[in-house]
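J.:
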Amino acid sequence: MKYKNTSIDRLLHRDVSLKRLVQQVDTLNQILDVVRSALPPEVAQICLGVAWAGSELLIAVPFSAAGTRIRQAAPDVLRALDAAGWHATAIRPKVQVALQHGNPIQTKNLHIPDAAKTAIDELSQQVDDPALKQALASLLKHHTKKT
């Protein structure tokens, strides 16, 4: 990351540890670009990050299926890393479920109108089958709690 003539640039030049951290992030981003270039596009776009664990390269992905595809493509990734000057002995995908960006499943918000509740109540009083009578009563009780 290059910041020119900004307060961030001045801060980075004054703080040695922060400057070192930014350099490490830049290096990992370069490695991530190499990894993505060696993977199929649908897998490459969901690779979220990389990290070193000794000489193994860890690749963060949100789904186990992506991890499987990365394991299958590991020889290609290792060759691409070697060609770019990075030596890794193994590729290890790390599934990070917390990083999934799926749409949360919304619960249905069903509402029974008051006229329908009255009709169900009248029906439950006329039904002879005890199981059906209990089911209708339970339905009414459930929907009266919500209102």
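For the record, in the sequence shown the residue sitting at position 82 is 549 according to the numbering used here, with numbers rising by one throughout. Glycine included, C-beta positions come from ideal geometry on N, C-alpha and C.
From which residue to which residue does the alpha helix (DSSP H) around residue 498 run?
T.: Residue 498 sits at position 31 when you count from the first residue of the sequence shown. Start and end: 483 to 505.
J.: Taking the Cβ atom as the reference point for each residue, do residue 445 and residue 526 lie within a distance shorter than 9 angstroms?
T.: Outside the modelled stretch of the chain, which goes from 468 to 614, sits residue 445, for which no answer is possible.
J.: Could you check whether the Cβ of residue 544 sits closer than 8 angstroms to any heavy atom belonging to the ligand PLP?
T.: In terms of ligand content, the structure shown is empty, and the ligand PLP therefore cannot be addressed.
J.: Residues bridged to residue 523 by DSSP?
T.: Walking along the sequence shown from the start, residue 523 turns up at place 56. Per DSSP, 520, 557.
J.: Span of the alpha helix (DSSP H) holding residue 534?
T.: Along the sequence shown, read from residue 1 onward, the residue named residue 534 stands at position 67. Note, residue 534: alpha helix (DSSP H), 531 to 539.
J.: Tell me the rounded alpha-carbon separation between residue 579 and residue 593.
T.: Here residue 579 corresponds to residue number 112 of the sequence shown, with the count starting at 1. Here residue 593 corresponds to residue number 126 of the sequence shown, with the count starting at 1. Each residue's Cα considered, the two are about 20 angstroms apart.
J.: Assuming contact is defined by CB atoms lying nearer than 9 angstroms, are residue 551 and residue 501 in contact in what I supplied?
T.: Against the sequence shown, residue 551 aligns to sequence position 84. Against the sequence shown, residue 501 aligns to sequence position 34. Result yes, Cβ atoms of residue 551 and residue 501 sit closer than 9 angstroms.
J.: Along the alpha helix (DSSP H) that carries residue 508, what are the first and last residues, could you check?
T.: Here residue 508 refers to the residue found at position 41 of the sequence shown. 508 to 511 is the span of the alpha helix (DSSP H), which, as asked, contains residue 508.
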